[in-house]
Structure formats: C-alpha cells, structure tokens
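Heads up, this note's numbering is the position in the sequence shown plus 33, with the first residue counted as 1. Don't be surprised by glycine CBs; every beta carbon is placed ideally from N, CA and C.
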Amino acid sequence: MPKLSLAAMSKLMKDSGAQRVSDSAKKKLREILESKAIEITNEAIKFAKYRGRSTVQAEDIEKALR
C-alpha cells in the first residue's frame with residue numbers, strides 16, 4: 034500500500050509549474066519517489082549502524098545521498 038498520497042504528488046508537480054497533472058503521472062511519481070526513499074533509507078541505516086546507532090539521523094540521510 035502506498036505511503037505517499039496522490040494529492041501530495043499533485044501539489045509537488047503543480048508547485049513545480051505543471052498546470053494539469055494526470056492520475057497516471059501522479060501514480061508514477063509516487064512509485065518512483067517511494068522506491069528512491071526506500072533505497073536512501075537502506076543506505077542511511079547502514080551509516081547509522083556503522084556509527085553504533087539504531088536511530089537514523091539527518092546526517093545519515095545526507096551521506097546516503099552522496
């Protein structure tokens with residue numbers, strides 16, 4: 034079950050300049066963003082564990098993006 038709402042996808046796209054957004058575009062963006070978020074989180078967890086922490090912090094996310 035998706036975690037991000039279609040309304041949030043629509044808002045992101047419209048805030049970026051899209052005048053209209055199809056449901057299929059919202060669904061595809063949601064799919065891609067959720068997949069990417071999982072990848073980033075998995076990398077961030079590795080950094081946190083390496084530092085001996087069970088809590089993922091902002092710095093772990095930043096390192097995961099590099």
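Quick check on the burial criterion: 16 or more other C-beta atoms within 10 angstroms. Buried or exposed for residue i?
i     : result
Ala81 : buried
Asp93 : buried
Met42 : buried
Where does residue i fall in DSSP's three states?
i     : result
Lys36 : coil
Arg63 : helix
Thr88 : coil
Looking at the C-beta of residue i, does it have a partner C-beta in chain D at a distance below 8 Å?
i     : result
Arg86 : Annotation note: the requested chain D is absent from the structure, which comprises a single protein chain.
Below 8 Å between beta carbons: does that hold for residue i and residue j?
i     : j     : result
Glu76 : Ala97 : yes
Lys36 : Glu67 : yes
Lys59 : Leu39 : yes
The stretch 48-59 / the stretch 79-96 touching (three or more Cβ pairs under 8 Å):
Taking 8 Å as the limit for Cβ pairs, the verdict is that the stretch 79-96 does not touch the stretch 48-59.
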